[in-house]
Amino acid sequence: MEILRELEKIIEGCGVFEYGVIAPKRVSFMQEVRAMCEVNSCGTYGTRWICPPGIGSIQECRERCLEYQTMLVFTGKYELEDSFDYEGMIEGIDRFKKMVRMIDKAVNPLLTTYLLLGNEGCDRCETCTYPVSPCRFPQRVHPPIESMGIMVSELAKQIGIKYINGKNTITYFGALLF
Ligand code: SF4
Numbered sequence: 000m001e002i003l004r005e006l007e008k009i010i011e012g013c014g015v016f017e018y019g020v021i022a023p024k025r026v027s028f029m030q031e032v033r034a035m036c037e038v039n040s041c042g043t044y045g046t047r048w049i050c051p052p053g054i055g056s057i058q059e060c061r062e063r064c065l066e067y068q069t070m071l072v073f074t075g076k077y078e079l080e081d082s083f084d085y086e087g088m089i090e091g092i093d094r095f096k097k098m099v100r101m102i103d104k105a106v107n108p109l110l111t112t113y114l115l116l117g118n119e120g121c122d123r124c125e126t127c128t129y130p131v132s133p134c135r136f137p138q139r140v141h142p143p144i145e146s147m148g149i150m151v152s153e154l155a156k157q158i159g160i161k162y163i164n165g166k167n168t169i170t171y172f173g174a175l176l177f
């Protein structure tokens, strides 16, 4: 697939660590992942349209992903001083978010329709409109991959890329569906 090779080159150029391809119909969408979001360890549950419950039910998220034929999954790997390096983790999230936005900019002219998943709690607006009125930028947001109900560790196994990349590193996952 010519377009796939082109997109792979783009994400390589944007600095992804690893990537792999899977058909969305082979991905498992699990209610138990939603339960992990509900614990709200990231603090964004119920505060943004791109996070649960605003993103929709697991079934709705699955149907949204199944509108696409190909899922190009990618990772960003970032160094930490030690396993308690919270600042390093936040810095990694920020760098990953920038990379996802760079990918968005680069693939936008090539694809008529796509869904780009990242790992961010959206910060595009000073105050999110959730739940009062619709999202201001539905075409520009990058919902966290977990918000779809995808168990990233399982996904990594399926496509043959690493979920963990060694001591004192943190790995974040994103995906381009097209
Ligand atoms: S783009 Fe704005 S309205 Fe939409 S989810 Fe992000 S912060 Fe909320």
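At the far end of the sequence shown sits residue 177, using numbering that gives the first Met the number 0, and the numbering has no gaps.
Beta carbons are placed, not taken as given, at the ideal position from N, Cα and C, and that holds for glycine.
Computed from a prediction, not measured in an experiment: that's the story for all the values here.
- By the C-beta density criterion, N118 is buried, having at least 16 other C-beta atoms within 10 angstroms.
- Taking a 10 Å sphere around the C-beta of P143, we find 16 or more other C-beta atoms and assign the residue as buried.
- A distance below 8 Å between beta-carbons, with the five flanking residues on each side excluded, links D81 to the following residues of its chain, in chain order: N167.
- By the neighbour-count criterion, in which a residue is buried when 16 or more other Cβ atoms sit within 10 angstroms of its Cβ, G120 is buried.
- Residue pairing from DSSP leaves F95 without any beta-bridge partner.
- Residue environment analysis places A174 among the buried positions, since at least 16 neighbouring C-beta atoms fall within 10 angstroms of its C-beta.
- Using a 10 angstroms sphere on the CB of Y85, the tally of other CB atoms stays under 16, which defines it as exposed.
- Under DSSP, T112 takes part in no beta bridge, so it has no partner.
- The DSSP-derived three-state label of P23 is helix.
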